[in-house]
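Report on the structure given below.
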Amino acid sequence: MARLKRIAVMGAGIGGLTAAIALHQRGFEVELFEQAAGLTEVGAGLQVGPNAVKVYRALGLEAELRAIAGEPINAISLNWTDGMPLSRAPMRAGMTAQFGAPHLNVHRGDLLQVIAKPVPDSIVHLGKRCLATANTRDGAAVRFADGSAIEADLVIGSDGIRSMVRQSLFGCEDPRFTGMECWRATLPVEKLTNRRFGAGGRETFDTNDAVNWLGPAGRVVCYPICAGRVFNIFCGHVTKNWVEESWTIPSQLSEVLDAYRGYHETLIGMFHAVDPSTWFKWGVFDRDPLPRWTVGRVALLGDAAHPMLPTLAQGAAMAVEDSFVLARYLDQYRDDPEAGLQAYESERRPFTARAQLQAREQFDVNQSVPPKPRLSRDWMFANDVTKSEPVRASSLAEKAYDSGKEI
Ligand SMILES: Cc1cc2nc3c(=O)[nH]c(=O)nc-3n(C[C@H](O)[C@H](O)[C@H](O)COP(=O)(O)OP(=O)(O)OC[C@H]3O[C@@H](n4cnc5c(N)ncnc54)[C@H](O)[C@@H]3O)c2cc1C
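If you want my numbering, it's the position in the sequence shown, counting the first as 1, plus 162.
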């Protein structure tokens, strides 16, 4: 068995790569183990909330992030049938002023490229599917599907919602199907020819606006990515069909049109403009908050620890925050890494548990007729884990609605 005097991170998604950067910058020896043959992400957009942008700023990646991002001018919510405006909130002018960083939107593949760049190739091990991990006398060991094994001082499980590290620590339990399926698509902005909404279609949204259609079958959330060159479409649809496995399967325009029958003509026009061969759909799963994330020298991070519904667009942001906090505490407790892991968990677990539960509540709110204002995400956006005194979940304001703002 190879002996590693270092931190072994399982899974090179957004969480694992960000953790590798944060740990590497603090001088730790890190090795990343990824099951896939390459570093890839699904071809869809991702909202990077101001709380995550603050982390990338601290890691020295803000300029690279801004270069690939779309930054919405306004967030406009429209009624699903007639396209009448329900709310309009300034984002570009408002987010930095209020939360200290912008709300950016990126293509997942572009983000992966940005965060893979600072990670030396020599520490990334592809085709390494972790099967199990366990504490040893003075570290932790990992067994891989190819028959190899390693030992390290610490093992971090950032291997996603079906984490094998989590399974090793806490047993096997299937994730919960949430009742949401979603389609995701992208559209070059030059194909966005009809952008009319409001009474008689007299108003027009900008290709740099975020536009949401709110209706009982689910919300369709659209926003600019790729430096404003591409419009991302996220269709979060409520379904009664039970889905047994998380899937990404090819879909068809007719399925999307069926799901959004009766929605506003501008939206339907957008669906028609998408290259029909590119429709895919996903089943959306989550889990209950875990009572603990750490056992000895092994800890969880990102979706492995706290997978949540995408209704807050915060799952990846929380993985990014976890990464920074993990590196901060391991640095602070260099002589006692188990205490460092415990401190990491104590800060992050209550915060992310609250987000997991609010994401479920938001899913219910999204189905209300007439549409209700969205639950406030200000407590997440305001968080700044790069400051030494983080906002703690216990000291955060109670649940609030964003009255008069984005719905
Ligand atoms: C439809 C949808 C929309 C979303 N939109 C947003 C959004 O706008 N903003 C936001 O912040 N969040 C969003 N999220 C949530 C976000 O995608 C996840 O929270 C985020 O990707 C989690 O990152 P992660 O690195 O923890 O896990 P993952 O992204 O799942 O990465 C896990 C990595 O581990 C690898 N792996 C898995 N098993 C093993 C193994 N056994 N051994 C080795 N490697 C392994 C995988 O191949 C993968 O590379 C959305 C989620 C969904 C489903």
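Ideal Cβ placement from N, Cα and C applies to all residues, glycine included.
Regarding residue i and ligand 1, is the C-beta to nearest heavy atom distance less than 7 Å?
i           : result
residue 507 : no
residue 444 : yes
residue 290 : yes
residue 274 : no
residue 476 : yes
residue 197 : yes
residue 465 : yes
residue 346 : yes
residue 499 : no
residue 517 : no
residue 208 : yes
residue 448 : no
residue 416 : no
residue 177 : yes
Does the separation of the CB atoms of residue i and residue j fall below 8 Å?
i           : j           : result
residue 389 : residue 177 : no
residue 179 : residue 169 : no
residue 304 : residue 208 : no
residue 414 : residue 444 : no
residue 474 : residue 376 : no
residue 354 : residue 366 : no
residue 373 : residue 238 : yes
residue 520 : residue 468 : no
residue 371 : residue 241 : no
residue 423 : residue 398 : no
residue 210 : residue 421 : no
residue 348 : residue 394 : yes
residue 451 : residue 515 : yes
residue 456 : residue 507 : yes
residue 188 : residue 448 : no
What residues in its chain sit with their C-beta under 7 Å from that of residue i, if we drop five residues either side in the sequence?
i           : result
residue 174 : 194, 196, 201 and 286
residue 262 : 212, 216 and 546
residue 301 : 313, 314, 315 and 459
residue 311 : 163, 303, 304 and 305
residue 360 : 245, 246 and 247
residue 326 : 292, 293 and 294
residue 378 : 529 and 531
residue 276 : 223, 226, 227 and 230
Here's the rule: buried if 16 or more other CB atoms are within 10 angstroms of the residue's CB, otherwise exposed. What is residue i?
i           : result
residue 549 : exposed
residue 165 : In this predicted model, residue 165 has a pLDDT of only 40, less than 50, meaning its place in the structure is not dependable enough to derive any value.
residue 182 : buried
residue 416 : exposed
residue 471 : buried
residue 172 : buried
residue 528 : buried
residue 490 : buried
residue 476 : buried
residue 453 : exposed
residue 485 : buried
residue 321 : buried
residue 559 : The pLDDT assigned to residue 559 is 36, lower than 50, so where the model puts this residue is not dependable; a value taken from the coordinates is nonetheless given after this. That one is exposed.
residue 334 : exposed
residue 232 : buried
residue 364 : exposed
residue 464 : buried
Thinking residue i and residue j are a contact (beta carbons under 8 Å), I'd like their distance in whole angstroms, please.
i           : j           : result
residue 146 : residue 523 : The question about residue 146 has no answer, for the chain in this structure spans 163 to 569.
residue 317 : residue 459 : 7 Å
residue 319 : residue 466 : 5 Å
residue 344 : residue 436 : Their Cβ separation, rounded to whole angstroms, is 14 Å, which puts residue 344 and residue 436 out of contact at 8 Å.
residue 433 : residue 419 : 6 Å
Can you name, in chain order, every residue of its own chain whose Cβ lies under 6 Å from the Cβ of residue i, other than the five neighbours on each side?
i           : result
residue 410 : 442 and 444
residue 280 : 183
Kindly list the residues whose CB is nearer than 8 Å to the CB of residue i, restricted to its own chain and excluding five residues on each side of it in sequence; keep chain order.
i           : result
residue 203 : 175, 176, 270, 271, 273 and 274
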